[in-house]
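Enquirer: Residue numbers (the working numbering): 40 to 289.
Backbone N, C-alpha and C define an ideal beta-carbon position, used for all residues, glycine too.
I'd like to ask you about the structure that follows.
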Amino acid sequence: GFYKLGSQMLRGNDYYDRDGNSVLIPTQSEYTLSLYAEFGVRDDLTLVAYVPFYQRITLNRQIGRDSGFVYFGGDAAQGIADSEVGARYRLWQNGSGVVSAALSFGLPVGDDSHPNGLYTGDGEFNQRLSLLFGRSLYPWPGYFSMGVAYNIRHSGYDDVLRFSAEAGRRWQRLSVTLRVEALESVDNGDASVHGGAGGLYGNDRRYVGAGVELGTDVAGDLHLSLGLLRGFRLHNAIDAPTISVGLSTR
Numbered sequence: 040g041f042y043k044l045g046s047q048m049l050r051g052n053d054y055y056d057r058d059g060n061s062v063l064i065p066t067q068s069e070y071t072l073s074l075y076a077e078f079g080v081r082d083d084l085t086l087v088a089y090v091p092f093y094q095r096i097t098l099n100r101q102i103g104r105d106s107g108f109v110y111f112g113g114d115a116a117q118g119i120a121d122s123e124v125g126a127r128y129r130l131w132q133n134g135s136g137v138v139s140a141a142l143s144f145g146l147p148v149g150d151d152s153h154p155n156g157l158y159t160g161d162g163e164f165n166q167r168l169s170l171l172f173g174r175s176l177y178p179w180p181g182y183f184s185m186g187v188a189y190n191i192r193h194s195g196y197d198d199v200l201r202f203s204a205e206a207g208r209r210w211q212r213l214s215v216t217l218r219v220e221a222l223e224s225v226d227n228g229d230a231s232v233h234g235g236a237g238g239l240y241g242n243d244r245r246y247v248g249a250g251v252e253l254g255t256d257v258a259g260d261l262h263l264s265l266g267l268l269r270g271f272r273l274h275n276a277i278d279a280p281t282i283s284v285g286l287s288t289r
């Protein structure tokens with residue numbers, strides 16, 4: 040199995056709307072604590088779960104620089120966020136190359152009713168189908184993987200295509216991972232459904248992201264990692280890096 044306790048932080052005030060236009064908003068911050076787990080039932084079947092068990096979202100106050108007038112008093116929300124459970128099945132293996140298919144289900148356990156849009160969920164039960172390829176670079180201590188996924192959303196939300204690629208290498212106790220990903224809406228939802236503030240569980244969300252993660256073994260099988268992901272070509276998203284810290288074990 041593989042288990043990871045993770046935290047993520049994003050903070051910014053430059054929001055790109057659904058048309059890709061930059062709009063200044065009160066500074067919005069998102070802090071998430073999560074548990075990710077993989078458990079092998081058989082050699083070819085793995086159960087997967089992602090549970091963001093605590094998420095806190097804040098909007099800063101807006102105060103007139105000269106007048107001191109409070110235009111917006113600020114707000115905050117916290118709680119469990121929408122989670123995912125699913126399974127991955129190995130379809131084909133040839134040497135160090137593996138092709139897998141995955142099916143995951145989004146569990147709408149978060150809140151989608153906050154009056155200022157500080158959503159920890161979208162209130163819909165989505166399904167995501169994925170096709171994945173991974174290859175070990177043995178005897179060189181590295182790997183490469185890529186995948187494409189189709190996320191079927193409901194309640195007026197657009198379906199979403201996601202593309203991802205990842206490459207990593209280890210040097211004794213140290214590791215480095217490079218990631219790229221792209222999210223593209225298929226534009227088949229209800230235009231009146233917007234989602235939450237700053238793109239939280241947003242509709243018609245699009246971006247291209249690139250990032251790096253550095254890690255080190257700290258004790259026994261424990262591995263500590265620090266990552267940064269930056270988005271580009273943003274639609275319905277905040278222009279700010281996502282910083283992550285994780286502690287994992289196998």
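1. Rounding to the nearest angstrom, what Cα-Cα distance links TYR75 and ARG81 in this structure?
2. Can you round the beta-carbon distance between ILE96 and GLU69 to whole angstroms, since I take them to be within the 8 angstroms contact cut?
3. Helix, strand or coil for GLY156? Go by DSSP, reduced to three states.
4. To which residues of the same chain is TYR177 closer than 8 angstroms at the C-beta, ignoring the five residues directly before and after it?
5. Would you decide whether ALA115 is buried or exposed? Buried here means 16 or more other CB atoms lie within 10 Å of its CB.
6. Would you decide whether SER224 is buried or exposed? Buried here means 16 or more other CB atoms lie within 10 Å of its CB.
7. Along the chain, where does the beta strand (DSSP E) containing GLU223 start, and where does it finish?
8. Near SER175, which residues of its chain fall below 7 angstroms by C-beta distance, leaving aside the five closest residues on each side in sequence?
9. For the beta strand (DSSP E) containing ASN190, list its first residue and its last residue.
10. DSSP has ARG95 in a bridge; who is on the other side?
11. By the 10 Å Cβ neighbour count, where 16 or more other Cβ atoms means buried, how is GLN132 classified, buried or exposed?
12. Measuring alpha carbon to alpha carbon, tell me which of ALA279, LEU253 and LEU44 ends up nearest GLN67.
13. Using 8 angstroms as the threshold, is the region 269 to 278 in touch with the region 51 to 66, meaning 3 or more CB pairs across them?
14. Rounded to whole angstroms, what is the Cα-Cα separation between ASN155 and PHE164?
15. Could you have a look at ALA206 and say whether DSSP puts it in helix, strand or coil?
Expert: According to the structure data:
1. Residue mapping note: residue 75 aligns to position 36 of the sequence shown, counting from 1. Residue mapping note: residue 81 aligns to position 42 of the sequence shown, counting from 1. When only Cα atoms are considered, TYR75 and ARG81 end up about 19 angstroms apart.
2. Position 57 of the sequence shown, counting from 1, holds the residue named residue 96. Position 30 of the sequence shown, counting from 1, holds the residue named residue 69. Separation of the CB atoms of ILE96 and GLU69 is rounded to 5 angstroms, and the pair is thereby assigned contact status at 8 angstroms.
3. As a first step, residue 156 must be located in the sequence shown, where it is residue number 117. Under the three-state reduction of DSSP, GLY156 is assigned to coil, being neither helix nor strand.
4. Your numbering for residue 177 matches position 138 in the sequence shown. Take TYR177, set aside five residues on each side of it, and the residues of its chain with a beta-carbon closer than 8 angstroms to its own are SER135, in chain order.
5. Here residue 115 is taken as the residue at index 76 of the sequence shown, counted from 1. In the assembly as shown, ALA115 is an exposed residue. Its beta-carbon has fewer than 16 other beta-carbons within 10 Å.
6. In the sequence shown, counting from the first residue as 1, residue 224 sits at position 185. By the Cβ neighbour-count rule, SER224 is buried, with 16 or more other Cβ atoms within 10 Å of its own.
7. Working through the sequence shown from its first residue, we reach residue 223 at position 184. Where GLU223 is concerned, the enclosing beta strand (DSSP E) stretches over 213 to 224.
8. On the sequence shown, residue 175 is found 136 positions in, with the first residue counted as 1. Spatial neighbours of SER175 in its own chain (CB-CB distance under 7 angstroms, excluding positions within 5 residues in sequence) are listed in chain order as SER135 and TYR182.
9. On the sequence shown, residue 190 is found 151 positions in, with the first residue counted as 1. Per DSSP, the continuous beta strand (DSSP E) segment holding ASN190 begins and ends at 181 to 191.
10. As a position in the sequence shown, residue 95 is number 56, starting the count at 1. Answer is TYR70 and GLN117, bridged to ARG95.
11. Reading the sequence shown from its first residue, position 93 is the one you call residue 132. By the neighbour-count rule (16 or more Cβ atoms within 10 Å), GLN132 is not buried but exposed.
12. For the purposes of this step, residue 67 is identified with residue 28 of the sequence shown, where counting begins at 1. Residue ALA279 is the option with its Cα nearest to GLN67.
13. With the cut-off at 8 angstroms, the region 269 to 278 and the region 51 to 66 touch.
14. Here the question's residue 155 lines up with position 116 in the sequence shown. Here the question's residue 164 lines up with position 125 in the sequence shown. It is roughly 22 angstroms from the alpha-carbon of ASN155 to the alpha-carbon of PHE164.
15. Within the sequence shown, numbered from 1, the residue matching residue 206 stands at position 167. Strand at ALA206.
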